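Residue numbers (the working numbering): 829 to 906.
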């Protein structure tokens with residue numbers, strides 16, 4: 829049992845709020861994001877060259893807003 833239960837509750841609430849903000853900021857449907865991550869992690873994916881070439885290709889095929897999503901990815905550490 830924690831010595832400071834209220835502190836733990838506040839930390840948990842803060843983390844949930846931050847998670848909700850992140851989820852709300854995603855500029856694409858959740859299914860597309862899920863599909864993008866699976867696409868990038870596929871078995872036959874080329875070795876990472878630290879560019880967004882594969883991501884941009886995927887977004888273009890889906891007709892998604894490449895500029896907006898790439899900006900969000902960069903802001904989010906992607």
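Just so it is clear, CB atoms sit at the ideal spot from N, CA and C, and this is done for glycine as well. Computed from a predicted model, the values in this text were never measured in an experiment.
Within its chain, find whatever has a CB closer than 7 angstroms to the CB of residue 897; leave out the 5 residues flanking it on each side and keep chain order.
Hits under 7 angstroms: 855, 856 and 887.
What are the start and end residues of each continuous alpha helix (DSSP H) run of 4 or more residues lying completely inside the region 829-873, in chain order?
Complete alpha helix (DSSP H) runs here, min 4: 833-853 and 858-868.
Give me, in chain order, the residues of the same chain whose beta-carbon lies closer than 8 angstroms to that of residue 894; leave out the 5 immediate sequence neighbours on both sides.
884, 887 and 888, listed in sequence order.
Relative to the alpha-carbon of residue 901, which residue among 831, 848 and 879 has its alpha-carbon at the smallest distance?
That would be 879, whose Cα lies nearest to the Cα of residue 901.
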